[in-house]
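To start, the structure under review is shown below, and the notes come after it.
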Amino acid sequence: MQEFKDRFIADALELLAKIEKSLLMLEVRPDNILIVEEIFRGLHSLKGASGMYGFNKIGKLMHLIENVYDDVRDGKLKVDTEIVNLSLDVVDFTNNVLRLGEDVSDSTIAEFDKIEGHISNYLSQNETLEGDDNQVIVEDQNSEKTYYVNFTLDEAFETRGIQLDSIFKELDELGSVISIPLKKEGGKHEEWEIFIVSKSSTEEIEDVFIFMMDIANIELLANENLFKNDQFNSVVQKNSALKQKNILEELKNIIQKKKIVEEVTETPSKVEKEEQQLEQEEGSKSSINYLRVSAEKLDEQMDLLSELVTAKAELRLIVEKEGYKKLFKLLESIDKTTNRFRKNILNVRLVQIKTLYIVFLR
9 MQEFKDRFIA DALELLAKIE KSLLMLEVRP DNILIVEEIF RGLHSLKGAS GMYGFNKIGK
69 LMHLIENVYD DVRDGKLKVD TEIVNLSLDV VDFTNNVLRL GEDVSDSTIA EFDKIEGHIS
129 NYLSQNETLE GDDNQVIVED QNSEKTYYVN FTLDEAFETR GIQLDSIFKE LDELGSVISI
189 PLKKEGGKHE EWEIFIVSKS STEEIEDVFI FMMDIANIEL LANENLFKND QFNSVVQKNS
249 ALKQKNILEE LKNIIQKKKI VEEVTETPSK VEKEEQQLEQ EEGSKSSINY LRVSAEKLDE
309 QMDLLSELVT AKAELRLIVE KEGYKKLFKL LESIDKTTNR FRKNILNVRL VQIKTLYIVF
369 LR
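Set out below in structure tokens:
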């Protein structure tokens with residue numbers, strides 16, 4: 009349990025750094041929908057995952073600030089300095105809580121109440137902008153999609169510390185949900201078939217199952233609301249009552265015969281196109297591929313490097329003093345290898361200036 013929680017904290021801190029960088033970019037480009045979408049996805053991921061690991065205060069703040077960006081995406085709000093500042097406050101608070109744990113001091117709890125109040129006030133002040141926009145969104149049936157999710161709770165699931173109730177709660181927030189619990193034959197572990205109607209993208213649905221992607225199968229079933237189709241409901245209700253499995257193929261046949269959808273696979277979204285455009289604007293061709301390694305292991309490598317450098321120096325002193333000519337060639341090879349090792353390990357261990365630069369920008 010603690011191992012998975014520590015891994016979540018490390019991933020969350022990394023995601024917070026990306027959100028912080030995006031917020032600083034958004035302050036310069038407040039009308040860029042790509043940056044808004046990137047921030048929204050990050051907040052959404054943190055909201056769902058934090059609840060699974062008991063960071064309830066983080067989940068509450070992420071839910072509130074996510075509502076702000078949801079309104080921005082729907083065109084109800086314009087990005088301004090106050091939105092950016094509120095978002096940075098949430099990022100700073102989340103960083104502190106993740107590093108200190110959920111049992112935080114009174115001052116941190118007071119900070120949570122203050123930020124929560126500021127975001128709630130900001131949302132309430134802008135409620136008058138909603139009205140007609142909500143009607144347009146409800147009537148726009150083409151924006152709704154139907155997803156199918158299937159997963160089996162294996163023996164290792166309980167050790168992950170994931171709360172299944174939190175996952176279903178988050179799915180309910182995304183749209184309408186039909187959940188069918190199934191029992192695996194001859195076993196104790198539950199299998200679930202879930203149907204979701206939502207305006208969310210596939211990526212946002214996957215974010216809910218971010219820590220279950222190895223056991224979850226997520227598929228876009230249709231580009232509209234299938235819950236309004238009588239045949240669909242009939243098949244789902246029949247299989248739900250009989251606790252039968254593998255109803256996906258039957259549903260796909262219904263969709264194809266009735267021509268409910270044009271395509272089963274998603275087409276590239278506007279956001280994806282804008283992402284390509286933004287990358288071209290920034291002219292950034294570099295990418296960082298890395299693995300997370302604990303600082304303790306790197307420090308151990310630093311110690312070993314120091315011992316190697318010391319041994320190399322002693323060997324050179326002996327060779328030069330005693331005049332072992334045959335060892336000079338070997339010593340030169342050791343010199344080159346040690347210098348390369350030293351350069352590489354120092355580059356790995358030292359903090360990148362690019363990472364520190366984000367802090368200085370603020």
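So for the sequence shown, this note's numbering puts the first residue at 9; every next one is plus one.
Note that beta-carbon positions come from the ideal geometry of N, C-alpha and C, so glycine has one too.
Using the beta-carbon count (16 or more within 10 Å), is residue i buried or exposed?
i	result
LYS6	The chain is shown from 9 up to 370; residue 6 falls before or after that span and cannot be answered.
LYS333	exposed
ARG168	buried
ALA57	buried
MET70	buried
THR154	buried
GLY331	exposed
MET221	exposed
SER53	buried
THR273	Below a pLDDT of 50, predicted positions are generally treated as unreliable, and THR273, at 40, falls in that range; no measurement from the model is reported.
LYS329	exposed
Shortest alpha-carbon distance to residue i belongs to which of the options?
i	options	result
LEU172	THR154, LYS153, ILE202, ASP311	ILE202
LYS13	ASN225, LEU335, ILE170, ASP180	ILE170
LEU339	VAL317, LYS351, ASN352	VAL317
LEU131	PHE16, LEU108, VAL76	VAL76
ALA319	GLY50, ASP307, ASP343	ASP343
PRO38	HIS52, VAL92, HIS126	VAL92
GLY125	PHE165, SER113, LYS68, ASP114	LYS68
PHE235	THR345, GLU308, ASN129, VAL185	VAL185
With residue i and residue j assumed to form a contact (beta carbons below 8 Å), what rounded beta-carbon distance in angstroms separates them?
i	j	result
LEU96	ILE73	Between ILE73 and LEU96 the Cβ distance is about 10 Å, and since that is not below 8 Å, they are no contact.
PHE159	ILE223	5 Å
THR89	VAL105	About 25 Å separates the two Cβ atoms, so there is no contact after all.
ILE123	VAL98	6 Å
Residues in its own chain within less than 8 Å of residue i by CB, not counting five upstream and five downstream?
i	result
GLY183	GLU152, ILE204, VAL205, SER206, LYS207, SER208
VAL216	GLY56, ILE175, GLU178, LEU179, LEU182
ILE226	TYR155, TYR156, VAL157, THR210, ILE213, GLU214, PHE217
ILE47	ILE27, SER30, LEU31, LEU34, TYR77, SER95
Leaving out the 5 sequence neighbours to the left and right, which residues in its chain are closer than 7 Å to residue i when beta-carbon positions are compared?
i	result
GLU119	PHE101
LEU313	PHE349, ARG350, ILE353
ASN233	GLN149, GLU152, THR154, VAL205
ARG324	LEU339
Note down, in chain order, each residue of its chain lying with its Cβ closer than 6 Å to the Cβ of residue i, except the 5 sequence neighbours on either side.
i	result
ILE17	LEU106
ARG15	none
MET60	ILE170, GLN171, SER174
Item to complete: Would you check if the region 230-242 and the region 41-61 touch, i.e. whether three or more CB-CB distances between them fall below 8 Å?
Response: no
Worksheet item: Can we say the region 15-23 touches the region 80-89, given the rule of at least three CB pairs closer than 8 Å?
Response: no
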